[in-house]
Amino acid sequence: MSSENSFKSKYNKLLISSISATIILACLLIFTILSIRRTRENASALSKASFNLSQCQSSFRGFIMYAWTDTSFVVTGSNNDLSVFKDNAKMFKEDISILKENLKGKDLDTLKSIEASFDTINVIFNNVSELIKERGFKNQGLEGKMREAAHSLEKSPSSDKSLVLSLRKHEKDFFLRKDKTYLTKFDQTAASLESKIIALPDSAEKSLLIDNLNSYKNIFSEIVSIENQIGLDRNQGYVSKINTLTRESILKLDILRNSFDNKSTSLSATTVLAILFLTLGLIAAIYLALNKFVKPAFEPIQEIQFRATEISEGNLSVRFDEFRNNNVLKDLIAGLEKIVSRFKTTMDQVEAISSRKILSELPLNSDKDEVGKTVNLIIRQLKTIDDDEQQRAWHNEGLATFANLLRIHVNDADILFDHFLRELVKYIDANQGGLFIIEEDDDATSYMLMKACYAYDRKKFINKRINPGEGLAGVCWQEGETIYMSEIPKDYMYITSGVGGASPANVVIVPVKFNDKIFGVIELASFKIIPNHKIKFIEAIAESFGSTVHNMKTGTRTRTLLEQSQIMTEELRAQEEEMRQNMEELQATQEEMERTVSSLKTMTKELEVREKIFGLTTILSESDKYGTILDINSKFSEVSGYSKEELVGKPHNILRDPDMPKELFKLFWDTIKSGNTFKGILKNRGKGGIVYWVSATIVPIKDENGNIVKYIGARYHIEDENFALHMYNKQASVLGHPLLNNKS
457 MSSENSFKSK YNKLLISSIS ATIILACLLI FTILSIRRTR ENASALSKAS FNLSQCQSSF
517 RGFIMYAWTD TSFVVTGSNN DLSVFKDNAK MFKEDISILK ENLKGKDLDT LKSIEASFDT
577 INVIFNNVSE LIKERGFKNQ GLEGKMREAA HSLEKSPSSD KSLVLSLRKH EKDFFLRKDK
637 TYLTKFDQTA ASLESKIIAL PDSAEKSLLI DNLNSYKNIF SEIVSIENQI GLDRNQGYVS
697 KINTLTRESI LKLDILRNSF DNKSTSLSAT TVLAILFLTL GLIAAIYLAL NKFVKPAFEP
757 IQEIQFRATE ISEGNLSVRF DEFRNNNVLK DLIAGLEKIV SRFKTTMDQV EAISSRKILS
817 ELPLNSDKDE VGKTVNLIIR QLKTIDDDEQ QRAWHNEGLA TFANLLRIHV NDADILFDHF
877 LRELVKYIDA NQGGLFIIEE DDDATSYMLM KACYAYDRKK FINKRINPGE GLAGVCWQEG
937 ETIYMSEIPK DYMYITSGVG GASPANVVIV PVKFNDKIFG VIELASFKII PNHKIKFIEA
997 IAESFGSTVH NMKTGTRTRT LLEQSQIMTE ELRAQEEEMR QNMEELQATQ EEMERTVSSL
1057 KTMTKELEVR EKIFGLTTIL SESDKYGTIL DINSKFSEVS GYSKEELVGK PHNILRDPDM
1117 PKELFKLFWD TIKSGNTFKG ILKNRGKGGI VYWVSATIVP IKDENGNIVK YIGARYHIED
1177 ENFALHMYNK QASVLGHPLL NNKS
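Structure representation (structure tokens):
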């Protein structure tokens, strides 16, 4: 009896130890699986943080590129790029906060250093914002003050207009090209202008000119200092520092993410080993039971023990046929054979699970089948991990693929739209798709136009144009929310294939939007159910695509404006150069006339030739000191429409257009009566109401005593009315006169 109790006691102890070991191994396995999940979640969060940080860098670049020319930003301190940066920064900080709760040790220290770098980026970004606001634009900030000083120099009759214009040109060239060579040219021109001002007789006006010039130079120097602080290119100043910090932080995030990916792989291997250890533990427990308890109790058990030893060594072909008739051992034999069968099944299952051949749960032998339950738990966990990993890998691979596609074709909208839609339909395993982009008519009426389609045959929208609220796509545009339908209206859409045609079973319509602004919709149809993770992927891709569409439209508008500005600038420079040459020729002619008064008779033929040339190119007139016309040339008659007989003896104001302000003619008479030359852009009205523009130069003619006896007027006919209006408004801005609008 005591021997039996000792046997039971040892058996119970061994049984409890085996169960405890099994539970410990199972707990270790579950812990390992949870660790794998946490590791992969951390890797995904690090990938998201890296993406948001790169978006911060992109929005900062956009801010640096456009903020300094954005008047509304200078006034209000806010613009679209700044808002985008703040949104991305907020998401990045949220990612960091989540990661700080999950990371430990060196990983946490690295994350804190990344957070510190991002705080530095925020501080630098705020400093750049303040510097740009301080710098100002047009009439705001330092640039506004500098423009006031420059206008004061331009308005002064004693200053050299050409040098002032050169200063303004060097100033604008530096702001546009960020080239320091223009600073040297600016300083040289400023020195020349200062020398000329110093050479003027002492007066209050001279002092004012010097003050304005110094103010102009000082403010310009302050703006240059601000530009240097911000950085003239991406390798200098604050811009370089933000780029460096961002690159370093993204690199650290990628290193952390790779570390967690490696940990996940290692833990997966550990899981497989744990399964094997669990199986081996069960085998060892059975072996110990057979070896320690069966042999002392019954003589035949020695043979059974030997065979059990073979089983423990992996020989699962052992049989117990001769013991089945033994009433004492038959239950034991049945149990051993069941164990062998279970071993075979478990080993097959473990092998299949480790190679991912078994993905569904196995049937349990009974409610007490702990091994089966543990194996099924492992299967569920591994299946969950595999599903999550596959979806995450599929999602990340898709993001990378489409990001590369958007980057490659960003400069060609048609190719981008076709490639984007085709790859999206294929990637989500749909059957067809359509891409609609919002356009505007000349009357600013918005509509959506199909820009790309793939395997598309739509009966409802053959014209490929959709108005707001029209159809499902129009509703998606209006509401800005994703629409998913598994019950499609009859004849809504039709899919054809090589074996026939049918209506799709599922349709998803996703808005293409960026910063809550909708740029179009993506419509996809499939015979299969479109799972939720694919819909979320389409929404994420649609947002990235919306950002690209936004940037393409913004870039197109910017390039158009830049090209127009460059064309106008070149035309203006050409006209100014031509006017300057004409003025120089006229001045040279006047000086030549003054030097050769005593030899007029000998120069008659030469003057006749020159008169013919001027008659072809220049509008000439001669008037007495009261403005009465004494003589005109043929060019004057050609442009004005009046004959010489109709104008001689008439006052010059017969040609005055009512659009010209009285202040301009007062300045005109004050200038020439004081013995100075008048230069300006004038609008005249000829015979029959003909309107024409001229660049006029009026020179007073004096006698030997210095008294004005008459005036000679030379005018250059400006045939381009838009250019003439531009030049006149530029003159009016300098003189403080009202501007004119193009009435055409």
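If you want the working numbering, it's the 1-based position in the sequence shown plus 456.
All C-beta atoms, glycine included, are put in the ideal place defined by N, C-alpha and C.
query                                                                                                                                                                  : result
Given a threshold of 16 other Cβ atoms within 10 Å of its Cβ, counted over all protein chains shown, does S1151 qualify as buried or as exposed?                       : buried
For Y1172, which residues from the same chain have a beta carbon less than 7 Å from its beta carbon, with the 5 sequence-adjacent residues on both sides left out?     : M1035, N1038, T1074, V1150 and S1151
Contact between the stretch 602 to 618 and the stretch 541 to 561 is defined here as three or more beta-carbon pairs at a separation below 8 Å; is this criterion met? : no
Taking buried to mean at least 16 other C-beta atoms within 10 Å of its own C-beta, is L502 buried or exposed?                                                         : buried
If I measure Cβ to Cβ from A908 and keep anything under 6 Å in the same chain, skipping five residues before and after, which residues do I get?                       : F873, D874, L877 and L891
Near F519, what residues of its chain come up, given a Cβ to Cβ distance below 7 Å and the 5 sequence neighbours on each side ignored?                                 : D537, L538 and F541
With a Cβ-Cβ cutoff of 9 Å, do I871 and L701 count as a contact?                                                                                                       : no
Can you find a C-beta in chain D that's less than 9 Å from the C-beta of F1124?                                                                                        : Here there is only one protein chain, and chain D is not present.
Which two residues bound the contiguous alpha helix (DSSP H) that contains Y672?                                                                                       : A660 to I686
Take E704 and list the residues in its own chain whose beta-carbon comes closer than 7 Å to its own, dropping the five residues that flank it on each side.            : S573
According to DSSP, simplified to helix, strand and coil, what is R775?                                                                                                 : coil
Measure the beta-carbon distance from K990 to I841 and round it to whole angstroms, keeping in mind my assumption that it falls under 8 Å.                             : Rounded, the Cβ-Cβ distance is 20 Å, inconsistent with contact.
Does the beta-carbon of A545 have 16 or more other beta-carbons within 10 angstroms, so that it is buried, or is it exposed?                                           : buried
Using the Cα positions of P752 and G791, report the straight-line distance between them to the nearest angstrom.                                                       : Unreliable positioning characterises P752 in this predicted model, as indicated by a pLDDT of 45, which lies under 50. The coordinate reading is nonetheless provided below. So the two alpha carbons sit approximately 19 Å from each other.
For F630, count the other beta carbons within 10 Å of its own beta carbon; 16 or more makes it buried, fewer makes it exposed. Which is it?                            : buried
Could you give the residue range of the alpha helix (DSSP H) that holds D842?                                                                                          : E826 to I864
With a CB to CB cut of under 7 Å and the five nearest residues on each side skipped, what residues in its chain are close to E1210?                                    : Past the boundaries of the shown model lies residue 1210; the chain is included only from 457 to 1200, so the question cannot be answered.
Among S1090, E1040 and A1188, which has the Cα closest to the Cα of V1155?                                                                                             : E1040
Under 8 Å, with one C-beta from each stretch per pair, do the stretch 620 to 638 and the stretch 678 to 689 reach the 3-pair mark?                                     : yes
How long is the line joining the alpha carbons of V620 and T640, rounded to whole angstroms?                                                                           : 15 Å
Using DSSP's beta-bridge definition, name the partner residues of L820.                                                                                                : For L820, which the question treats as bridged, DSSP gives no partner whatsoever.
Can you look up D1113 in the DSSP assignment and give me helix, strand or coil?                                                                                        : coil
Which one or two residues does DSSP pair with E979 in a beta bridge?                                                                                                   : G890 and I965
Anyone know if the C-beta pair for I1174 and I1137 falls short of 9 Å?                                                                                                 : yes
In terms of alpha-carbon separation, which member of G597, L712 and E1094 lies closest to E497?                                                                        : L712
Can you name the start and end residues of the alpha helix (DSSP H) that A655 belongs to?                                                                              : Segment: none, A655 is in no alpha helix (DSSP H) and carries neither H nor E.
Is Y883 helix, strand or coil by DSSP?                                                                                                                                 : helix
Does the stretch 931 to 941 come close enough to the stretch 961 to 970 to have 3 or more Cβ pairs within less than 8 Å?                                               : yes
What residue does the beta strand (DSSP E) around T1153 start on, and which one ends it?                                                                               : V1147 to K1158
Who are the near neighbours of V584 in its chain, counting only those whose CB is closer than 6 Å to its CB and skipping five residues on each side?                   : I686 and Y694
With distances taken from CA atoms, which of E1177, Y1082 and G889 is nearest Y1167?                                                                                   : Y1082
Kindly indicate the opening and closing residues of the beta strand (DSSP E) around K907.                                                                              : S902 to Y910
Residue range of the beta strand (DSSP E) that S1079 falls in?                                                                                                         : I1075 to D1080
Measure the C-alpha to C-alpha separation of S622 and N668 and round it to an integer number of angstroms.                                                             : 16 Å
Is DSSP giving D972 helix, strand or coil here?                                                                                                                        : coil
Count the other CB atoms, across all protein chains shown, that sit within 10 Å of the CB of R1219; report buried if there are 16 or more and exposed otherwise.       : Any answer about residue 1219 is impossible in this case: the structure gives the chain only from 457 up to 1200.
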